[in-house]
Every structure is written in structure tokens, then in C-alpha cells.
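Counting along the sequence shown from 1, when you hit position 89 you're at 271 in our numbering, and nothing is skipped either side.
A short write-up of the structure that comes next.
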Amino acid sequence: MIELNLTHREKSIVVVTAAVTFVAGFWAGIWSVPPQALDVPLEVTQNAGEQIYDPAYRPVPGSLPVVSVVVPLLGFAYAFRDQLVEDSSDSVEVSADD
Numbered sequence: 183m184i185e186l187n188l189t190h191r192e193k194s195i196v197v198v199t200a201a202v203t204f205v206a207g208f209w210a211g212i213w214s215v216p217p218q219a220l221d222v223p224l225e226v227t228q229n230a231g232e233q234i235y236d237p238a239y240r241p242v243p244g245s246l247p248v249v250s251v252v253v254p255l256l257g258f259a260y261a262f263r264d265q266l267v268e269d270s271s272d273s274v275e276v277s278a279d280d
């Protein structure tokens with residue numbers, strides 16, 4: 183078994199990078215689909231004498247906007263969790279001369 187000893191900074195970098203990569207991959211996956219595949223048939227219904235056009239199915243996940251915002255926010259919240267909660271008492275300032 184491989185044991186990784188990562189600092190808090192390294193863990194934060196990994197989490198933020200993973201979050202941004204996930205969202206970028208999500209969008210790249212949608213953009214890689216040809217427009218013809220997203221051209222779905224429409225269902226026509228009558229409501230109060232007006233025709234209403236609804237897609238037969240949703241070709242793009244409805245969670246896309248939510249995931250695009252929430253996942254990076256969670257990643258950044260993890261990265262800055264110590265500053266969001268309180269200042270750590272065991273942190274030590276190092277002067278620039280050292």
C-alpha cells in the first residue's frame with residue numbers, strides 16, 4: 183500500500199485542481215457532442231388554445247449549472263477551511279530573511 187504524506191497546502195491544491203478539472207470535463211463532454219445529437223424532437227401540446235413546444239427529453243443534464251457552481255465552491259471552501267473557521271494557533275510566521 184502506498185502512503186502519501188501531503189501537507190495541507192498540497193491537499194488543497196489537489197482538491198481545487200480536481201474540482202476545476204471535473205467541471206471543465208463536464209462542460210467539454212457536453213461541447214464535444216455534435217449539435218445534431220442535441221436537436222431533440224419536440225412534443226406539441228395545447229394549453230388554453232396555444233401550442234406549447236416541449237422537448238421530448240433533455241439532452242443536457244439539468245444539474246450542469248448547479249454542478250458548475252457548487253463543485254468549485256466546495257473545492258475552494260476545502261482549500262481555505264482553516265481561514266474560514268479561525269486562525270490556527272499552531273501557525274508560525276517565518277521572516278523573509280531566513
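Note that the Cβ used here is the ideal one computed from N, Cα and C, for glycine as well.
- Around the beta carbon of Gly207, fewer than 16 other beta carbons sit within 10 angstroms, so the residue counts as exposed.
- Segment contact: the segment 253 to 262 against the segment 188 to 206, three or more CB-CB distances shorter than 8 Å; contact assigned.
- Pairing Tyr235 with Leu224 gives a Cβ-Cβ distance under 7 Å.
- Residues of the same chain with a CB within less than 6 Å of the CB of Thr227, apart from the 5 flanking positions on each side, are Ile234 in chain order.
- The closest CA to that of Pro241, considering only Val202, Asn187, Val215, is found on Val215.
- In this structure, Gly244 is the residue among Leu188, Met183, Gly244 with its C-alpha nearest to the C-alpha of Trp209.
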